[in-house]
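Before any comments, here is the structure.
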Amino acid sequence: MAAGAALALAAAPVLAQAPRAAGEGPARHAPRPTTTAITRDDAMTRVYVLADDSMMGRDAGTRGNVMGTDYIAAEARRIGLRPAGENGTFFQTVPMVRRTVDPQSSLTPRGGNPLKLWEDFAPLPQVEGFFDVAPTLAAQAAPVVYGGRWGDSAALTPEQARGRFVVFSAPMAPNGRPDFRIWMQGPMTRYAGAAGIAIATLDASPPPFVNFLREEQLVLPEEPGQRGGPPAMLVTSIAAERLLGAPLTSLRPGAAAAGGRTVTGGFRPLEQRTAFPARNVVAILPGTDARLRGQYVAIGAHNDHVGIAEHAEDHDSVRVYDRLFRRGGAEEQPRELSAAETAQLRAGIDSLRRIRPARRDSIFNGADDDASGTAAVLEIAQQMAAKPPRRSVLFVWHTAEEKGLFGSQHFTEHPTVPRDSIVAQLNIDMVGRGRADDVERGGGPGYLQLVGSRRLSTQLGDLVEEVNRTGSHGFTFDYSMDADKHEANIYCRSDHYNYARWGIPVTFFTTGGHADYHMVTDEPQYVDFDKLVRVSRFIGSVAEAVANRDARPVVDKPKPDPYGRCKQ
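The letter at position 361 of the sequence shown is residue 370 when you use this note's numbering, and the numbering goes up by one with no holes.
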């Protein structure tokens with residue numbers, strides 16, 4: 010086959026997504042009044058409102074997110090739900106702060122020159138599930154010891170590390186090179202008693218990762234009683250040897266630094282409140298049974314996304330590239346293309362240029378992630394409000410999921426209803442896709458991923474299956490992402506886990522990732538609204554089944570440590 014023909018065939022999946030050529034939705038959709046039933050028009054109205062450019066990516070703690078939460082609260086009021094936030098409102102403010110590292114931070118080994126921030130060392134930020142670390146290092150003549158290779162079984166024990174500043178060699182990737190992905194090698198909480206830890210991977214880390222370490226962070230400050238890890242940093246291999254006074258290859262785990270060397274100094278965070286409040290939206294539909302009304306079935310989604318990019322990109326170029334070469338969107342790193350792949354990319358872009366002009370795009374609209382889930386919860390609420398079930402239903406649209414599940418963390422630690430009155434939580438995150446061209450195996454109209462449905466309650470997982478079967482919903486469930494030790498760790502990466510960590514049975518419903526995940530191309534015209542309606546109706550049926558049972562789902566599996574590190 011000639012090269013030109015092969016390129017044309019390879020570009021076909023992209024061309025199939027061209028507007029009006031094969032079903033791409035409209036760029037705009039005029040809002041319409043919504044109805045009691047869960048319908049395609051209603052779902053479109055809600056997603057197009059929430060994912061409009063005017064919402065500016067709904068980043069938590071920004072004006073765009075306030076606009077989004079104002080819309081959700083207004084809809085909850087119109088539907089007839091009761092406010093269940095703070096002070097008689099629909100809102101619960103989450104006390105987020107913007108955190109940067111004090112630029113005066115430095116670290117000095119005794120008898121040596123200070124290490125320079127961002128040049129010799131980079132403090133690790135607090136990122137739930139990745140970096141369980143303390144935000145402040147204040148070392149005063151802390152003894153320096155060599156810990157071995159990070160992640161090795163022969164590395165220093167927690168007791169040997171207590172009170173010491175521990176320097177580790179970088180873990181090794183399968184290709185024999187230093188691996189910057191230190192979060193793959195086990196929790197840092199293992200060394201919570203150390204004065205601090207340093208891992209020699211800074212010079213092996215790609216620039217985007219180092220830039221991430223330097224960026225301002227939106228965080229939820231820790232509260233008394235929460236357990237964390239030690240203050241931690243990345244250092245260059247040269248800085249590691251300066252700290253230890255010897256080449257790392259010459260040392261064994263537990264070896265003290267040359268001459269009993271110590272280290273003094275550290276880093277501290279600078280914090281300020283966000284310019285706009287980060288808000289959960291919380292509402293209740295009271296149940297009809299006086300005996301069960303004090304119990305709640307919780308239904309949730311997250312109201313935030315990731316805001317606006319620093320630099321605008323050509324929308325179609327991004328989308329063609331990702332659909333051809335980065336099917337997981339932001340979950341995958343971009344790569345250099347061969348000459349043939351570059352021609353393939355150009356063919357796809359040129360085909361779209363014949364349909365529409367170039368468009369510079371910098372807004373992460375988050376149509377699927379998670380305007381789809383937010384819309385689904387509103388649709389379910391409006392339908393249930395017409396015929397309330399026996400138990401009450403608690404609707405929570407969480408903020409700051411994208412920053413580290415902070416909205417659901419704050420709500421479950423400061424619930425506006427008694428925490429043990431919540432009998433189950435149904436989490437809805439990214440339910441507008443799952444087509445055959447989104448999912449490598451099994452995608453289509455009946456495709457749905459379930460995560461966590463039997464991790465605490467076998468009954469809840471069985472009930473979800475029963476509702477699908479007896480209600481003729483026709484879904485085929487994919488449980489592959491729920492497998493123990495799955496590398497994606499999805500069970501720990503959405504808001505349901507903050508309920509599960511308190512022993513509340515959960516089910517996470519999603520149609521899965523795709524090429525537009527966390528990209529500027531996650532826009533409403535690419536959402537499968539028929540699929541979104543089917544999923545919404547099904548989850549509504551599950552919620553009704555739980556809410557109308559005589560007994561709450563039995564928790565028959567071990568409950569996790571609420572402050573432990575989640576690992577699927």
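Glycine included, every Cβ here is placed at the ideal spot set by N, Cα and C.
For clarity, every value in this text was computed on a predicted model and none was experimentally measured.
Unbroken alpha helix (DSSP H) run spanning residue i, endpoints
i	result
Met-206	Looking at the sequence shown, residue 206 is not Met but Ile. From DSSP, Ile-206 is part of no alpha helix (DSSP H) but of the beta strand (DSSP E) over 205 to 208.
Ile-358	348 to 362
Thr-98	Thr-98 -> no alpha helix (DSSP H), and no H or E assigned at all.
Phe-547	538 to 557
His-505	505 to 509
Leu-387	382 to 394
Ser-417	415 to 422
Unbroken beta strand (DSSP E) run spanning residue i, endpoints
i	result
Met-197	Unbroken run through Met-197: none, as it is neither H nor E.
Gln-281	278 to 282
His-320	317 to 323
Gln-304	No beta strand (DSSP E) holds Gln-304; DSSP gives it neither H nor E.
Arg-86	No beta strand (DSSP E) holds Arg-86; the alpha helix (DSSP H) holding it covers 72 to 88.
Ile-372	369 to 372
Leu-459	456 to 460
Val-176	174 to 178
Backbone secondary structure at residue i - three-state DSSP
i	result
Ser-246	helix
Asp-491	helix
Asn-289	strand
Tyr-155	strand
Asn-477	helix
Gly-309	strand
Asn-436	strand
Pro-533	helix
Glu-345	coil
Asp-50	helix
Tyr-500	helix
Asp-298	coil
Gly-66	helix
Trp-127	coil
Asp-212	helix
Leu-165	coil
Leu-403	strand
Thr-520	coil
Thr-467	helix
Pro-132	strand
Val-563	coil
Val-142	coil
Integer-rounded CB distance, given that residue j should sit under 8 Å from residue i
i	j	result
Phe-130	Leu-211	7 Å
Arg-464	Lys-566	6 Å
Leu-165	Val-153	Contact doesn't hold; Cβ gap of about 12 Å is too wide.
Thr-141	Gly-238	What sits at residue 141 in the sequence shown is Asp, not Thr. The pair is a contact, with the Cβ atoms about 4 Å apart (cut-off 8 Å).
Gly-549	Gln-304	Going by Cβ atoms, the distance from Gly-549 to Gln-304 rounds to 18 Å, so no, they are not a contact pair.
Thr-520	Ala-93	Going by Cβ atoms, the distance from Thr-520 to Ala-93 rounds to 28 Å, so no, they are not a contact pair.
Trp-511	Arg-428	6 Å
Arg-546	Ile-88	Between Ile-88 and Arg-546 the Cβ distance is about 17 Å, and since that is not below 8 Å, they are no contact.
Leu-257	Tyr-155	7 Å
Thr-485	Gly-455	5 Å
Inter-residue spacing [alpha-carbon to alpha-carbon] between residue i and residue j
i	j	result
Arg-355	Arg-369	17 Å
Asn-122	Thr-145	21 Å
Ile-372	Ser-466	40 Å
Leu-222	Leu-133	6 Å
Met-197	Pro-240	9 Å
Met-53	Asp-570	40 Å
His-407	Ser-259	51 Å
Ala-339	Arg-332	12 Å
Asp-313	Ala-409	6 Å
Asn-580	Thr-245	Residue 580 lies beyond the stretch modelled for the chain, which goes from 10 to 577, so this question has no answer here.
Cys-501	Thr-43	34 Å
Pro-278	Glu-231	13 Å
Phe-189	Arg-107	25 Å
Leu-414	Asp-504	6 Å
Asp-50	Glu-411	28 Å
Ala-310	Ser-162	40 Å
Test: residue i CB closer than 7 Å to a CB of chain D
i	result
Tyr-200	In the structure shown, chain D does not exist; there is a single protein chain.
Any non-hydrogen atom of the ligand NAD closer than 6 Å to residue i Cβ
i	result
Ser-347	Although the ligand NAD was asked about, the structure shown includes no ligands whatsoever.
Exercise. How do the segment 508 to 522 and the segment 427 to 447 stand: do at least 3 beta-carbon pairs fall below 8 Å, yes or no?
Worked result: yes
Exercise. Is it a yes or a no for the segment 171 to 190 touching the segment 200 to 216, going by three-plus beta-carbon pairs under 8 Å?
Worked result: In the pairwise beta carbon analysis, the segment 171 to 190 is classified as touching the segment 200 to 216: at least three pairs are separated by under 8 Å.
Problem set entry | Three or more C-beta pairs below 8 Å linking the segment 393 to 404 and the segment 547 to 562 | Touching, yes.
For this session: Report yes or no: do the segment 63 to 75 and the segment 280 to 289 share at least 3 C-beta pairs separated by less than 8 Å?
Result: Using a C-beta cut-off of 8 Å, the segment 63 to 75 makes contact with the segment 280 to 289, since at least three inter-stretch Cβ pairs fall below that distance.
Exercise. Is the segment 525 to 535 touching the segment 472 to 482, taking contact as three or more C-beta pairs under 8 Å?
Worked result: No, the segment 525 to 535 is not in contact with the segment 472 to 482.
Exercise. Is it a yes or a no for the segment 264 to 274 touching the segment 377 to 393, going by three-plus beta-carbon pairs under 8 Å?
Worked result: Here the segment 264 to 274 does not lie against the segment 377 to 393, with fewer than 3 beta-carbon pairs under 8 Å apart.
Exercise. For the segment 309 to 326 against the segment 57 to 71, are there 3 or more C-beta pairs whose distance is under 8 Å?
Worked result: yes
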